[in-house]
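So the structure is just underneath, and the comments pick up after that.
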Amino acid sequence: MKPQTQGVQAQFPQQMEVSTAKIKMSAHMVDLLSSKVYTDKQSAVIRELSCNAYDAQVVAGNGDKQIQVHLPTRFEPYFEVKDCGTGLSDEDVKNLYMTYGESTKQDSNDVVGFLGIGSKSPFAYVDAFTVTSIHEGIERQYSVFKDQGIPKVIKLSEIATTEPNGFSVKIPVKEQDYHDFRVKAQRIYKFFEVKPSVNVELDLEINKVVETDSYFTVENSSYNRKAYAIMGQVVYELPNTSQVGKLLRLIRGSVYVKFNIGDVSPAASREHLSNDESTSLVVEDELDKILTKYLETVQAEVDTCDNFRNAFELANQKIQDNDIVNSHITFEGKLKKEWFEIVKENIDNFKTDFPHATVYIKNSSWYGRVSWDKEDNPHVDIARVGYYKQSVLFMIKDLKSGGIQAFKNLLGNGNRFCTGIIVDSQAKVDAIVSKLHLTPELVTDCC
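Residues in the sequence shown are numbered consecutively from 832, following my numbering.
So this is what it looks like as C-alpha cells:
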C-alpha cells in the first residue's frame, strides 16, 4: 500500500552542522515494534501473516487462489500460513526478518502491507518460529528466533525441488490457545474475498442484509450495532463519532463501509485506523455520501406508495430512528406530522360521521396492566389507529345489549397495543377502513 505520509525535503544552509536521527536496535525496541504495538497478539499473528500471504499471491498473479491455513489441533499444535506467491531468495529472507521498516509494497495499492513490521508479528506470541521459502527451484527452511531479545535467522536446510514458488510461516501454539486461534481466525477470514483453505471447519459466511458498492450491513441487536471500515480485507472499528451515531440510527444493523486500499491509513498495529487528518476527512466524506444516498433511496421507495400510511410505515422499516423519518422523509411533499394533521382534520367529526361507532384503544404495559381509552379521551389519536402495524379489530353490533366485555376480552389476547372499533354495519367498517387508510392485513372482523 502506498503510504500517505510523504517526506518533505528541508531547506537549510549547507555550511550548518546537521545531525540525522537513527534507531538503535535493542531488545526493548524489538519488543516495542513486534509485540507491544499489538493489544491482541493472537489476532495480530493471524491477520498479519495471512495478509502477507495474500499480498505475495497478488504480486505473483495468483490473487484469485486460496492461501493455505493450518489451525492448531491436539495432534498438530501449530498455526501455519502458506502461499503460492513468488517465494523469497536467501538474501530476501534474511533482509525481511532482520530489517524493521523495510517493505517492498510501498509503491502499489494492489497489496495491503507497507509498514515493514507485520512479518515480525509472530514475535508478539512466540520467541521462535520457522519459515520455508521455495524460490526458483530451491527450498530453504529457516529458524527465526530471539537471542537476548534480538531477532536472528539461521538457515536449517537447502534442497532442490520441483515444487512451485511459495512461502510459509509456522509457529507453535499453546494448548490453552487452540480455541482462541480458531475463533479469531473465523472472525478475520470472514472478510477475505477469497476464503482460505483451512484444515478445520469454520463458518466464514457473512449474512449481509443490504449491500451496495460503498457498504454492506449485517443484522445485529440494537445493543451491539457498530460501524466499521473495511480495506484490503481488514476490518477496522470506527470511533463512535456523532456522524457514526447518525449512521447507526439511520441504517438497521452493523454497517461495514468499503474503502479502496490506500484511501485511508491504518494504525501501525492495523487494529484501528490512524487518527490523522487525511484519514478522518476521507471517512467523514464517505459517511456523508452514504447518509445522503440512503435517505435518497428510501425517499424514492416512499414516493411509490399509494397513501401516507404505507409510505411512513415503509420509511420506519428502512430507517432505525423515528426522528430521522419525521424530519427527512416526505410523502407528496409533506412530512409525517403534516399528514397526521390532515387525517386528524378529516376525522375530527368522527362521531358525526359514525354516530354509532365506539373506539377502544388497548394500552398494555410491559408488566401486564391493561387500560382502555375511548375516542373521547384526549390521549387517543384516532389518526394513528393501525399505525406501526397495530391490529384493528371490528365488531358489528347487531344486538341491543351485550358483547362489549367479550369484545374487550378478545382484544386483550392480542398485542400490547391494538384497537377495537364497534359499528352497526359492514358499510361503516368499509368507510372507516377507507378514511383511516387501513391495509387489509391489519383489519379483522370478529363477528
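Beta carbons are placed, not taken as given, at the ideal position from N, Cα and C, and that holds for glycine.
Hey, how far is the Cα of residue i from the Cα of residue j?
| i | j | result |
| --- | --- | --- |
| Q972 | D958 | 17 Å |
| Q897 | T917 | 15 Å |
| D1184 | L1224 | 19 Å |
| F960 | G894 | 26 Å |
| E1024 | V849 | 49 Å |
| T963 | F910 | 14 Å |
| K1120 | I1019 | 27 Å |
| T1048 | S1158 | 23 Å |
| F1022 | E1042 | 14 Å |
| V924 | V1000 | 12 Å |
| L1269 | A1058 | 37 Å |
Apply the 10 Å Cβ neighbour rule to residue i and answer buried if 16 or more other Cβ atoms are within range, or exposed otherwise.
| i | result |
| --- | --- |
| T1250 | buried |
| K1015 | buried |
| I948 | buried |
| K867 | exposed |
| F1012 | buried |
| S952 | buried |
| L863 | exposed |
| N1208 | In this predicted model, N1208 has a pLDDT of only 44, less than 50, meaning its place in the structure is not dependable enough to derive any value. |
| S865 | buried |
| I981 | exposed |
| P844 | exposed |
| S1196 | The predicted position of S1196 is uncertain, since its pLDDT is 44 and thus under 50; a value taken from the coordinates is nonetheless stated next. Exposed. |
| H859 | exposed |
| H1210 | With a pLDDT of only 40 at H1210, under 50, the local geometry of the prediction cannot be trusted, and the value read off the model is given with reservation. So H1210 counts as exposed. |
| E1144 | buried |
| E879 | buried |
| K1167 | buried |
| A955 | buried |
| F1238 | buried |
| P995 | exposed |
| P1027 | buried |
| A1131 | exposed |
| T851 | exposed |
| I965 | buried |
| P903 | buried |
Residues in the same chain with beta-carbon distance under 6 Å from residue i, minus the five sequence neighbours each way, listed in chain order, please.
| i | result |
| --- | --- |
| R1200 | Any reading at R1200 must be qualified, since the residue scores a pLDDT of 43, below 50, and its modelled position is unreliable; no value is offered. |
| D1293 | Since the displayed the chain opens at 832 and closes at 1278, residue 1293 lies outside it and no answer follows. |
| I1253 | T1189, M1226 and K1228 |
Since residue i sits in a beta bridge, which residues does DSSP pair it with?
| i | result |
| --- | --- |
| F910 | I1002 |
| H901 | E911 |
| L1166 | T1161 |
| M1062 | V1065 and F1090 |
| R971 | S964 and E989 |
| M1226 | I1253 |
| D978 | I981 |
| T1048 | V1041 and V1086 |
| V1029 | V900 |
| T1189 | I1253 |
| L1104 | P1097 |
With a threshold of 7 Å on Cβ separation, who are the neighbours of residue i within its own chain once the five nearest residues in sequence on each side are excluded?
| i | result |
| --- | --- |
| D1034 | Q1017 |
| W1170 | F1139 and F1162 |
| E824 | The shown model of the chain, from 832 to 1278, leaves out residue 824, and the question about it has no answer. |
| E1050 | N1038, V1040 and G1084 |
| L927 | L919 and S950 |
Considering only residues of the same chain and omitting the five flanking positions on each side of residue i, which have a CB-CB separation below 8 Å?
| i | result |
| --- | --- |
| A991 | G968, I969 and E970 |
| L1104 | A1060, Y1067, L1069, V1095, S1096, P1097, A1098, T1110 and V1114 |
Self-check item: Three CB pairs or more closer than 8 Å across the segment 1148-1162 and the segment 1076-1093
Solution: yes
Practice problem: Taking 8 Å as the threshold, find out whether the segment 860-875 comes into contact with the segment 883-893 through three or more Cβ pairs. | Solution: no
Self-check item: the segment 1048-1067 contacting the segment 1087-1094, beta-carbon criterion three pairs below 8 Å
Solution: yes
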